[in-house]
Every structure is written in structure tokens, then in C-alpha cells.
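Chains A and B are the protein sequences, given in the same order.
Our numbering applies: residue 19 is where the first sequence begins, and numbers increase by one.
Our numbering applies: residue 242 is where the second sequence begins, and numbers increase by one.
Where is the CB? At the ideal position from N, CA and C, for every residue including glycine.
Note that the structure is a prediction, hence the values are computed from the model and not measured.
Presented below is the structure to which this report refers.
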Amino acid sequence: MTAVSSHAGSAEASASQGGVAVCAYDRLTPDLGAAALVGTTQVALFRLADGTVHAVQNLDPFSGASVMSRGITGTRGETPTIASPIYKQVFSLLTGECLATMDKQPHGDLPADLVVFGVTVRDGMVHVDVPGPM
Amino acid sequence: MGTEKIVVVGAGMVAQRFVQSLRTSDAEGRFDVEVIGEEAYAPYDRVALTSFFSKAGPEDLLLGDQALWDDPAVTLRRDTRAVAIDRDAATVTLADGEALAYDHLVMATGSSAWAPPLPGIDLPGVFMYRTLDDVARMRDWVRSRQAIVGRPVRGAVIGGGLLGLEAAGALQSMGATATVVEFADRLMALQVDKSGGEALKGLIERLGVKVRTSLATTEVVADAEGRAGTLRFSDGSEQLVDIVVFATGIRPRDELGREAGLAVAERGGIVVDDACRTADPRISAIGECAAAAADGHVSIGLIAPGNTMADVTAHRLLGREEAYLGADTATKLKLLGVDVASFGDAFAATPGALEVVYSDPFSGSYKKLVMTDDASTLLGGMFVGDASAFAQLRPMVGAALPGDPSSWILPEGAAARPELELPDEATVCSCNNVTAGSIRHAVNEDGVHDLGELKSCTTAGTACGSCLPLVKKILTTELGKAGIEVSQALCEHFEMSRTQLFSAIQVAGLTTFSDIIERFGTGHGCDICKPTVGSILASIYNGHVLAEDRAALQDTNDRVMANMQKDGTYSVVPRIPGGEITPDKLMVIAEVAKDFGLYTKITGGQRIDLFGARLEQLPHIWQRLVDAGMESGHAYGKSLRTVKSCVGSTWCRYGVQDSVGMAIRLEERYRGLRSPHKIKVGVSGCARECAEARGKDVGVIATEKGWNVYVGGNGGFSPVHAQLLVEDADEDTVIRAIDRYLMLYIRTADRLQRTAPWQAEYEGGLDAIREVILEDSLGICADLDAHMLHHLDTYEDEWKAVLDDPERLKQFTSFVNAPETADPSLAYVEERGQRRPATPAERVALVGSASLEETR
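So this is what it looks like as C-alpha cells:
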């Protein structure tokens, strides 16, 4: 398996060889999300059909529930996306930007966009870079 | 904070409309608004007072969105009365002495019920019909009298106009009898002529309301206890009563204006000009308390003109000059279920006007069109009993009516009605005053090609919605003229509609999403096309929903075969066919719920819902249920949900067929059948219809000779009654009809389209569907039958299949790196002996607010 990958902001993370190993790359099914627990932070992981792996916060800003890993992946134009399984908002997997709010406001005072985490695949293992204290 | 202050006196429907109109257009927040209302409620729908009895409570009648009153620029003072206006100081004085300063004052005090000063009018048991409190007091009175007299309470309504008939309906719905007494020679004397009044009287008497016309009430006589007991009439006759309701008219409440020195019209109402201004430029008056120049300085007791005045005034204050051009007195009412409508010159006052009349003594309907002397131009019309042509004809007033005018009043289908092309100036939406011309402009010049967008940019159809079919028709006609096809595309990845994609996949024999999108679409799909394709594949091949690459196509509910709830946990529903369950199985469900701490609730579909199961718990829960012989209830699927039934002839004294047996047979036949939307079925054992089967997609109702099958019903946002498909059929005929109906629906309906709209939009409607599935007009019945047979042959319990497959079980882990760790952000509190998700405030106390912020 040669596939590696991720979003623009992760270059630094991969350069520094950072991140916590969460699972084997082969454990991820294409287009089917999975959740991981890094310290106290819940991360939603997606291996896409092209082999790239993306990680965003598992917390859905519009419902306040930790469910993003259970959404449906897709594309909007060229941008890979994830749709919330609760109220169907669509987010970019590259930047975390909310691309469709479905006429709703975020839950409480949560920001509408998702936090994106750096991902690297080394030695067949998926590493996620979650900043802050572990 | 706004820079100018508006005070609105009165908090009725027109006041609500004014505030809404102002807030919608006042983008800069120039005005603060304070609304003074004497009633205890926020503005409510006075027109729907009668429905107070069929609704849960007063809050169901409240108008518009609560957000309007939560708006910081808006203050609503309830239970507050304005007692004086000081125009020099520009203040309004309240009953408690407080003075409110205003920059602009809007009078919206409405009107009050008026009753003639008869002897006995103040007796207990005599009521007016105007406010929610009036209606609530009537109900209390009827209830308390009912408890004492031990027979139906005798009710009488004085006044046979709109309000009188509504009051009679209200009395009937409270269980009282109702006699309507009218001084004039007919009911609804303002809306219908003598023959129309006769027809209306006939229809209303069929509903059990007695009607006496040309009769004046002279006195209400007290009984021995001093309550209203007898009515005495001008012809010397008397009638015993327990309750009397006066609906003899309304009078504008203009006293505040009068005392402040504003001009008042001869028949009441504060005099205003075309912009709803009084002689004092800082004071406006709108609605029933105003007498507008355009209406000949007469107050109009209808809501639509009041709404227009509210809009005109709000827009004028914001600097947009508009004029109130007078009331369109066209009315369409449903009184006790009887349609009454009149429009234009309904009484044929135009010299030389011709009247074309159709009267049907059997159905009781009466219809009349008024035409110019050469029978070419429509002047007005009147409908009693059947007002189906009203919406199309009303905007045609003053325009040439093509073809034979009688085609519009003969029973539908008796004569072909010509296609009408509305003139540009014709009003389509009378609530918001939108013309056919402005809708055409939006479609042709502004390029609006979508009904939803058209609604929001023209505001047509956004109030009562009754003109929407007309708006849609104009849209399709205009697009047709321009040669534009309405886009059927599913999403950005597929140009085809669901129906086209269904056929394409079937013909091409494709079985995976990647093959399908490569052949028929572009890109990688999304949350719209993926579940649609997943559903089509399941409908065609009936393979497992999680087979091959299909898991990633499914919404989370289908993916984990449970229903996701607001906190991300799931609910579990085992199938209970026909609602029949053994005590042993009931105990298994109870034990599972107890062991896993699941909140338990009985559903509307006669089964049991277990809430709060975490993803990783689902296989453990289902292992127990499957071991006990239970299977998936597909509560999560766009598929058959339940078949609800009454207990039927096996136990019930009235049942004529075994409805439970039929329900179980149907549920076991159609379980797991994937469809464009959920399907619900009901079976009733007799015509009493205890299973509410006509509110289902398919309703089967027992008759003495067999079963009637109804199709295309649903509850929900816009309830629809199912329509009769076959009558007095034997069991095999019933099953064959339903098999084919469902299969045709599955093949040809749009994504997320339920049977009711599918059936309505199917070319030729239910009649055409009946020809296809019963007379095989398309020659596809064998195909539909074979398809259903394939479904039956290949059905397997989805949950059992997953439990047997370790690969698929991997899906059911909370975290890839901590498979048995529960989601730490879940928090519950106990309520009524069970747990429920904590509210945000409770969470802070339980887990600290940090858990929501953990990724920051």
C-alpha cells in the first residue's frame, strides 16, 4: 500500500513525523468513516476511494453529538466532503468548511466549520496529529 | 436599538401582520415596536376559532413564529389596555397610568361583537362569539350544563352570517344541538342570493343544524334559576334553550381615536386615506377599526384587506409608498364543512348582466356565474356546496371567459373546461397580493425556475397556500412556452431522475455504485445520490443493505440498521407483525431494555421502541432479540414499516373479518421491501376503521363481502386520506392489487416521494394506476408480479445476517482504537423512571461544558 495523504495543512505534521497511531490503514474501509479517540478528543477518519485518508472533529457542530464518522462521504465539484448524519450539513474534508448549513444554526455557540487534523500513513499505520495536551 | 418608536394598539391578526411585515423589511433596525394587547394571548388566528376544539389548546391557534416576539426590537405587552391617546404629547396612556411615547402610532384595535339591546341579553348562559376566552367560556358552560341536564344541551345562535354559522359548528363540536336564527330571509345574506341561501340552508340542515330565517328574536327569558331558558320570537313562538350565542354583527372599536379627536366614519371606523393615515400624520389605523377611503369609508370585516393595510402601512413607514386600493370582497369559506364562495359582482348588479345558474337538488350544490350581456366577460360568481372552480375563476373577473361558461358550473367532468390563460393583472395570491404578471415576470425575466424559489421571491403562496397549484401551473406553462424543461436531476452527480435511474440500472444490470456512477454519472457521489442508488439496488436485487460496497451508500440508519437519535445513539425496534405479540416475547424485550438501560416507548405503529443504544451495543442487543425469534422491524429503512391493525372479528363484537390475520400476512409479505420512502399499512376489521387505515399508504378495510383496498394516504405534515382502489375483493385479489401497486410505486416514484404525491402526479392519476395494475394496460403486470416474487424468495432478516458475519460486525465499534469504550460525551438524566438525554444546561452540571469544546 503506497497511498498516503491528506490535506494541505498536514505537510508540517508529516514532516515532523508527528501524530498518534490509531489503527492499521487496512482497518479502514473505503468511503466508510470510523471514529478514533485521541486523548479526550474524538476524531472522525475517512479513507476515500482514491486512497487518501482525512481526519476531522467527530463532533457535529449542528447537533452537538459526536457522529461525523457516521456520515456519508461524497464530492462537491472536486472537493471531497462529509455530510452529517443528523441534519445533513455538508463539510469540506480538506478545510472543514461548512458548505451547506441546511438553513440551520450551529448547536449552542459551536463554530459551523469542522477542525481538520493532520493525517499520515507510516508503516501501514494511520497517525493523527491532534494538537494540545494529550 | 432602533431610532424611532412605533406603538401598536391592539394585538390581533392585523397587528401581528404589521409587525411581521415591518420586521421583514426593516433591515437596518430603524424601528422599535411595542404592541399593546388586552387579551392574555399573543396574536392568534381568530378566523379559526372553531378549530379551537379540535386542537390541543390556544397555543395551536397562535399566529406566525414565536421568534417574532422574541425579536429584541419587538415588545409584546399582553393583558394590557390602552385607555387614551394624547396627540399633543404623542403618548398612549395605559390602564395603570403609564404613558408610552411614540414616534408613530398604529391603531389596530379591531372590532367587538355587537348584540341588539334585548331584554335578557345579560343573563348567564348568553354569550358573544369573538375571542378565545368567549369560546372557552362557552365550552365550560356547555360542559357544566351537560353534567346536570342529562340530555344534549340545547343551543341557539342568533345571527346566520359567517360568525353565526361558525358558532353553530362550535356548539355542535361541544356536543350541544344548534338552531340558527336569522332575521333576514336567508343565511349569509352578504355573500349569497336567495337561491344560494336556500341551498346553503339545505346543506347545513343535513348536518343536523336547525335553521330558522325571517325571524327576529325579541327576548331571552330566564328559567327558574335565573339562567337563559327560553327564546321568544317576533312571531310569538318560543324555543327552550340552555345556551344562546349572539353573532349579530361587529362594530369597529374606534373609541380611542374618537376620544382623541380623530374623524370617525358614519358607520364607525377611524377615517384613513389610501395610505392608511389618519388626519394626524403620526397616527395610522389598519384592519377592522379603520374606515378607508378606498372602501368608501366603511369598515370591512375580512382578514385579507386588513393584511393589505398592515403591509401598506409598514412599507410606508419604511419609506416605500404604496396604496391600499380597497377590499377584494371575494370570499371562500368552509362552514361546517360546506363550501361557500362569492366573488366580483355576485349579485348581478351590473346593468344587463346575465346569470348562468346550476342547481343540483341531490348534492345540494348551487353555482352561479354572472356574465356581461353578451355572455363573453366574467363579472362575478357564487358557489354553495362545491367551490372547486373558485380559485381559477376569481382572478378572471373582468376578463373574457373562453368557451361555454356553463362548463365551469356543471359537475366536474360533465363538460370539458377550456384552458384558462390568466390576464397579467389578475391576482393569484390574494393574501400577499401577487399578480399573475409578477409571477410570469419572475419566471421569464428573473430566471426563477423552481417553485420554492418562486415562492420566496414573489411571496405568492407563502401565507395560506391555497393558490399554490395555480402558481405551479403558471410556472410550468411559462417554462413550457420558453422550451425549458424542469430539471429532474437527482443531484450534481446524476442528470437523471430517480425513475430514469431505476430503469437505467435495471436495464444495464449494474450492481455496484462505482459501476453506476461511472456509466451514468460524474464525480464520486454525495449524501443524496448514494442512498438513492443504495435503495434502488435493494429494490431491484434485494441483496443485503450492507453487501459489497453498499454500506458506504447508506444513511447511518440503514448502515447500522437502527434509528439515530439527537445525541448520536440509536433506537431499536423489533418487528411485531400486526401488533400481535406473545407475553414471552414481550418479556424478552423488557429484559433487554432493562439490561441495557434503554428508554422504552410504545410507537404509533403498534410496536416497541428502545432508545439510547450505543453503536457498539447494537449487535449485543440484537443477538438477544434474534435468539428469542425476533427480527428487524426496519424502522430505520425507506421500506415497509408496520401493518397496524384492530383486533378484528376474532375478538371484537363488531368485526366482520380477521384483520389481525390479514395484517400479519401483509407485514410478512412486504417486510424488508425497499422503496423511495417509508411505507405504512393499516387493516381494519370493519367500517368503524379503528386501525385508521385510510391514513396509510395502503389501507385495507373489511366489508361484509370481503375487503376494500385504499391507497395513497398518509399522516404527517400534510395528511391525505387514501382513495379506493378495489372494492369487496377476496384475499388473493387484495394481495395481487397491493403487490402491483407497491411495485409500480417503487419503480416510478421520485426520491423521497410518498405514495400520496406520487399517485397525484402519476399521469392520469389513480384511474390510470388502476388500469395499469388491474387491467394490465401497459402489459407489465407479469413483470411486477415476478418482481414481488423475487422479493419474497430472497428475503432474509438483515440483523441475523449481520450477526453471522464478523466482517460486517466490525462496523459496530465506537472507536477503532478503543472498540468497547463508550462515547464519553453522552450524558443522561432520569425522568419518570427512565433516562433521557440531558439538555445543554443539564450537561454542564453533569459533564462540564468542556466536552462540547473538546476539539477546540
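Could you say which of the options lies nearest to residue i if we only look at CA atoms?
| i | options | result |
| --- | --- | --- |
| Glu1004 (chain B) | B:Ala545, B:Thr989, B:Val597, B:Asp426 | B:Thr989 |
| Asn783 (chain B) | B:Phe424, B:Met415, B:Gln858, B:Leu1033 | B:Leu1033 |
| Gly528 (chain B) | B:Ala520, B:Pro522, B:His538 | B:His538 |
| Ser880 (chain B) | B:Gly896, B:Ala854, B:Glu909, B:Tyr343 | B:Glu909 |
| Ser1066 (chain B) | B:Val1085, B:Phe487, B:Phe1053 | B:Val1085 |
| Pro919 (chain B) | B:Arg992, B:Gly870, B:Asp569 | Strictly speaking, residue 919 (chain B) in this sequence is Lys, with Pro absent from that position. Looking at the Cα atoms, B:Arg992 is the closest of the given residues. |
| Ser110 (chain A) | A:Pro124, A:Gly92, A:Gln123 | A:Gly92 |
| Ala314 (chain B) | B:Arg287, B:Leu778, B:Gln261 | B:Gln261 |
| Gly1100 (chain B) | B:Gln741, B:Ala1001, B:Ser697, B:Glu733 | Here chain B has residues from 242 to 1097 only, and residue 1100 (chain B) is not among them. |
| Ala632 (chain B) | B:Pro1060, B:Val394, B:Val669, B:Ser648 | B:Val669 |
| Gly764 (chain B) | B:Phe735, B:Met550, B:Gly923, B:Val748 | B:Phe735 |
| Ala457 (chain B) | B:Gly853, B:Lys722, B:Leu431, B:Glu423 | B:Glu423 |
| Thr944 (chain B) | B:Gly926, B:Phe603, B:Thr700, B:Thr699 | B:Gly926 |
| Cys770 (chain B) | B:Ala749, B:Ala793, B:Val748, B:Ala788 | B:Ala793 |
| Glu1061 (chain B) | A:Leu55, A:Leu117, A:Val74, A:Asp141 | A:Leu55 |
| Asp495 (chain B) | B:Arg508, B:Val485, B:Gly820, B:Ile484 | B:Arg508 |
| Ser606 (chain B) | B:Asp586, B:Ser629, B:Glu596, B:Asp615 | B:Ser629 |
| Asp796 (chain B) | A:Val74, A:Ile100, A:Gln75, A:Asp44 | A:Ile100 |
| Gly622 (chain B) | B:Pro602, B:Pro643, B:Asp615, B:Trp649 | B:Trp649 |
| Asp790 (chain B) | A:Ile90, A:Met86, A:Thr59 | A:Ile90 |
| Ala39 (chain A) | B:Glu1071, B:Asn1058, B:Thr1080, B:Arg557 | B:Asn1058 |
Taking 8 Å as the threshold (C-beta atoms), are residue j and residue i in contact?
| i | j | result |
| --- | --- | --- |
| Asp836 (chain B) | Pro1078 (chain B) | no |
| Asp327 (chain B) | Glu245 (chain B) | no |
| Ala571 (chain B) | Arg635 (chain B) | yes |
| Thr334 (chain B) | Gly278 (chain B) | no |
| Gly351 (chain B) | Gly251 (chain B) | yes |
| His145 (chain A) | Val137 (chain A) | yes |
| Ala677 (chain B) | Asp665 (chain B) | yes |
| Leu965 (chain B) | Tyr951 (chain B) | yes |
| Gly693 (chain B) | Met254 (chain B) | no |
| Pro360 (chain B) | Ala469 (chain B) | no |
| Ala640 (chain B) | Ala667 (chain B) | yes |
| Ala723 (chain B) | Asn685 (chain B) | yes |
For residue i, which residues in the same chain have their Cβ closer than 7 Å to its Cβ, ignoring the five residues on either side in sequence?
| i | result |
| --- | --- |
| Glu30 (chain A) | Residue confidence is low: Glu30 (chain A) scores 39 on pLDDT, short of 50, so the model does not pin down where it sits. Its coordinate-derived value is still stated next. Contacts found: none. |
| Leu834 (chain B) | The amino acid occupying residue 834 (chain B) in the given sequence is Ala; Leu does not appear at that position. Around Ala834 (chain B): Thr841, Leu851. |
| Ser738 (chain B) | Gln729, Leu731, Asp991 |
| Ala526 (chain B) | Met348, Gly498, Ile511, Val513, Cys517, Thr519 |
| Leu985 (chain B) | Ile1010, Val1013, Ile1014, Leu1025 |
| Asn798 (chain B) | Asn804, Met805, Tyr877 |
| Tyr895 (chain B) | Cys927, Arg929 |
| Arg259 (chain B) | Here residue 259 (chain B) is Phe; the residue named in the question, Arg, does not match the sequence. Closer than 7 Å at the Cβ level, and outside the excluded window around Phe259 (chain B), lie Val249, Val347, Ala349, Ile527, Ala551, Thr554, Ala555. |
Since residue i and residue j are thought to touch, with beta carbons under 8 Å apart, how far apart are those beta carbons, to the nearest angstrom?
| i | j | result |
| --- | --- | --- |
| Ser679 (chain B) | Leu856 (chain B) | The Cβ separation is near 52 Å, so there is no contact. |
| Val1043 (chain B) | Met802 (chain B) | 7 Å |
| Val774 (chain B) | Glu1039 (chain B) | That pair is no contact at about 18 Å. |
| Ser69 (chain A) | Val148 (chain A) | The sequence given here places Gly at residue 69 (chain A); Ser does not occur at that position. Actually they do not touch by this definition, with Cβ atoms about 22 Å apart. |
| Ala42 (chain A) | Gly114 (chain A) | That belief does not hold up - the Cβ atoms of Ala42 (chain A) and Gly114 (chain A) are roughly 25 Å apart, past 8 Å. |
Going along the chain, which residues of its own chain have a beta-carbon closer than 8 Å to the beta-carbon of residue i, five neighbours each way excluded?
| i | result |
| --- | --- |
| Ala67 (chain A) | Pro48, Asp49 |
| Thr418 (chain B) | Pro393, Val394, Arg395, Gly396, Leu412, Gly449, Lys451 |
By Cβ distance, which residues of its chain are closer than 6 Å to residue i, with the 5 residues on each side in sequence left out?
| i | result |
| --- | --- |
| Leu77 (chain A) | Ser84 |
| Cys698 (chain B) | Ala683, Val689 |
| Phe487 (chain B) | Ala356, Met369, Ile399 |
| Val22 (chain A) | With a pLDDT of 42 at Val22 (chain A), under the threshold of 50, the modelled position of this residue cannot be trusted, and the question is left open. |
| Trp948 (chain B) | Val941, Ala970, Val975 |
| Ala33 (chain A) | Interpretation of Ala33 (chain A) is limited by its pLDDT of 39, a score under 50 that renders its predicted location unreliable; no figure is taken from the coordinates. |
| Glu1095 (chain B) | In this predicted model, Glu1095 (chain B) has a pLDDT of only 41, less than 50, meaning its place in the structure is not dependable enough to derive any value. |
| Leu128 (chain A) | Pro79 |
| Arg816 (chain B) | Glu872, Gly874 |
When Cβ atoms are compared, which residues of the stretch 1049-1069 of chain B fall closer than 9 Å to chain A? Lys1051, Gln1052, Thr1054, Ser1055, Phe1056, Val1057, Asn1058, Ala1059, Thr1062, Asp1064, Pro1065, Ser1066, Leu1067
Looking at chain A, which residues of the stretch 782-804 of chain B have a Cβ within less than 9 Å of any of its Cβ atoms? Residues are counted here when their Cβ sits less than 9 Å from a Cβ of chain A; for the stretch 782-804 of chain B these are Asp790, Ala792, Ala793, Leu794, Gln795, Asp796, Thr797, Asn798, Arg800, Val801, given in chain order.
Counting only Cβ-Cβ distances shorter than 8 Å, please list the residues of the stretch 899-922 of chain B near chain A, keeping chain order. none
Determine which residues of the stretch 755-766 of chain B have a Cβ less than 8 Å from any Cβ of chain A, and write them out in chain order. Ser755, Gly764, His765, Gly766
Relative to chain A, which residues along the stretch 601-613 of chain B have a C-beta separation below 7 Å, given in chain order? none
Selection of the stretch 83-95 of chain A by Cβ proximity to chain B, strictly under 8 Å: For chain B, the residues of the stretch 83-95 of chain A that bring a beta carbon within less than 8 Å of one of its beta carbons are Ala83, Ser84, Val85, Arg88, Gly89, Ile90, Thr91, Gly92, Thr93, Arg94, Gly95, in chain order.
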